[in-house]
Structure formats: C-alpha cells, structure tokens
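Residue numbering for the sequence shown follows the working numbering, beginning at 127 and increasing consecutively.
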Amino acid sequence: MKLCSVVVLYRPDGETLDFLRASASRANPVVAVWNACPSDQKAAFAGVDGLTLCPQSTNVGLSRALNIGIETAFAAGADRVLLLDQDSRPDASMGEALAEIGNLADREGVRVGLVGPTLRDRKASGAVNAVRTDAGRYQIVPSLSTSGSLIDKQAYRAVGPMWDDLFIDGIDHEWCYRAKFKGFSIVQARDVSMEHDMGDAGVNVFGRYKPIHRSPVRHYHIVRNILWLARQRQVPKSFSAKEVCKLAYRIPAYIAVSTARGATMSNIFRGIRHGLFGTPAKVDLEF
127 MKLCSVVVLY RPDGETLDFL RASASRANPV VAVWNACPSD QKAAFAGVDG
177 LTLCPQSTNV GLSRALNIGI ETAFAAGADR VLLLDQDSRP DASMGEALAE
227 IGNLADREGV RVGLVGPTLR DRKASGAVNA VRTDAGRYQI VPSLSTSGSL
277 IDKQAYRAVG PMWDDLFIDG IDHEWCYRAK FKGFSIVQAR DVSMEHDMGD
327 AGVNVFGRYK PIHRSPVRHY HIVRNILWLA RQRQVPKSFS AKEVCKLAYR
377 IPAYIAVSTA RGATMSNIFR GIRHGLFGTP AKVDLEF
C-alpha cells in the first residue's frame, strides 16, 4: 500500500524546510500544505523529488490544511497518510512501522481508525503519552495527537474529514471520538516513538512537566473548542467534564504566561461566549 506524509506549515524556519527537502523522495512522498505562504516561497520546493507543495494565501487553519493535504495525497494514489506538524521529526521508517502495527491490530480483529506513536516532548524527559507496561505491541486508547497519526483511506472516508471550524485545537480529540462513535478503534504503538514540540513553554505542576501555549490566539481556540466539543454527542461526557474543569486552572495560567495579557483576557471571554452560544468566528491571527 502506498503511504504519503502530509505536513502542515505556518511560518516555518529554514531547518524545517531543509528537513522536508531531505526527507522527501519518490519512495517517501510528502505533501506540504503551507498556510499563509509568502509569494516568493512558492517555489521553495521546486525540483525536490516526491514533494508536492499546496500553498495557501492565508492561514486556513490546521484542520482545513490537513484536509487539503489528505485529499491531495489520496488523489495522487496514496492509500494511507501520515499526518505531521512542522515541528515533528519522525524517523524515516516510522510510517511503515505504524502501518505494521495497524495491520497486526486488524488481523487481531480491531477495526483500526488511526494508529499513532508514543510522543516525546523535546522540552521534557520521558513520554507524553506512555504506553501501559502490560500492553503488547499496541494498546487501544481514547484519542491520540494528530501529529504522527497514520490513517488509511477507508477509515478516513468512513469517519470523515477533520472539523474545519475548530481551526487548530481539539482537532485530534474530536476526530478520534468521532471515529470511536462510528465503531473504529484508536491504536497506539508501544515501540514506535516520535519527538514532538507540545507547546511554546512548560510549567511544573506537582513535579510533572506540563506544556503550555503563550499565544492569545491559541488561548481563544482552546477555550472555545473545549466548550464546542462538550456540545457534541460523539464526545464522551466524562472527557468534556474533565476538560471543562481544567479551564479553572488553565485560564489563570494562560494569562500569567501570555505574550499579550490583555489580548488573552479578551480572547478568553470571547472564547467562552462563542463556545457556549456561538458559531465559528474569525479572530485576528497575527497576535
């Protein structure tokens, strides 16, 4: 089966662009969806074998960019897509390793919706989503991060695309719970890991490292989307209750670490209002 990586870019640095140029090939095709791509960068990957660029004139969001990349990969003949953020650094063999675990789970009667690795945050020691020590080669979990996830075409068609209006936060939880709602399982590989940047900064909470975002735009989407997900029937009430309760300490933390506290406070109040009562609302993405 043909596998293609889908990477979403937004203001990437030179190291990220060099990594993509080095990792793409005919045997390892990559679709890069570049949000708010500068006009002078549209030829950045010209002549790179196996790399398809889908430049977007504006920031259409992570969810829509993923959908664009996935559809581009499937149209080019891919059967499976490996979804990646620009700060993810998978091993060259990670996609095939996840596919092997997915095939194993399928043979054992699991209806696989998505297969993902164990994530390791570059700024912290240890795994972010460690596998149980008593697990075999994989375990069934409620949800996994979008980055590093392997999804096959049949599962994607059955579950549907990422929810565009979420824009950036909660995309992974919503898709995974929608997949579970439709009878699929979320599979985490025990022996496949990937380095990933989980946030702008981190805080120590009772001796445990917790990633946190400093951008007022992220604070808006996190708050709004948690409340949106709580209104969805496919999302378990236990998950929603836990996430809503977490806002009690997350909101003060966001204000404390924000790059613009006034904007964060305004965005949080707007996020609460839109999350409880509203429909999609555009915010200033240049904070």
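In this text, a Cβ means the ideal position worked out from N, Cα and C, and glycines have one as well.
Nothing here was measured: the structure is a model prediction, and the numbers come from that model.
- Counted as a single uninterrupted DSSP element, the alpha helix (DSSP H) harbouring M391 occupies residues 387-403.
- With respect to G176, S151 sits close: the two C-beta atoms are nearer than 7 Å.
- For the options G274, G140, K308, I297, the alpha carbon positioned closest to that of P216 is the one of G274.
- For C371, the enclosing alpha helix (DSSP H) covers residues 363-383.
- Sorting L292, G296, W301, P268 by C-alpha distance to the C-alpha of R283 places W301 at the top.
- Of the residues assessed, L402 falls on the exposed side of the cut-off, its CB having fewer than 16 other CB atoms within 10 angstroms.
- Counting along the chain, the unbroken alpha helix (DSSP H) around E197 starts and ends at 188-201.
- The DSSP-derived three-state label of E141 is helix.
- DSSP places H299 in the uninterrupted alpha helix (DSSP H) bounded by 297-307.
- Inter-residue distance for M320 and A204 is about 22 Å (C-alpha atoms, whole angstroms).
- The way I'd put it, the segment 156-165 doesn't touch the segment 221-234; fewer than three beta-carbon pairs between them come closer than 8 Å.
- In this structure, the beta-carbon distance from G296 to L355 falls below 7 Å.
- Per DSSP, T272 has no beta-bridge partner at all.
- About 7 Å separates the Cβ atoms of R263 and D317, confirming a contact at the 8 Å cut-off.
- Within the same chain, and ignoring the five residues on either side of L292 in sequence, the residues whose Cβ sits closer than 6 Å to its Cβ are S189, N351.
- With respect to the 7 Å criterion, G239 and A199 are not classified as neighbours on the basis of their beta carbons.
- Distance from L224 to A315 at the Cβ level is roughly 6 Å; contact confirmed, criterion being Cβ atoms closer than 8 Å.
- Looking at the DSSP output, A315 bridges to Y264.
- Taking all protein chains shown into account, C371 has fewer than 16 neighbouring C-beta atoms within 10 Å of its C-beta and is therefore exposed.
- Taking a 10 Å sphere around the C-beta of R359, we find fewer than 16 other C-beta atoms and assign the residue as exposed.
- Here R206 is buried. Its C-beta has 16 or more other C-beta atoms within 10 Å.
- Per DSSP, reduced to three states, the secondary structure at P342 is helical.
- Burial of P138 is indicated by the presence of at least 16 other C-beta atoms within 10 angstroms of its C-beta.
- Listed as beta-bridge partners of S131 by DSSP are V156, L208.
- DSSP places I227 within a helical segment (H, G or I) once states are collapsed to three.
- In this model, L210 and S165 are separated by some 23 Å (Cα to Cα).
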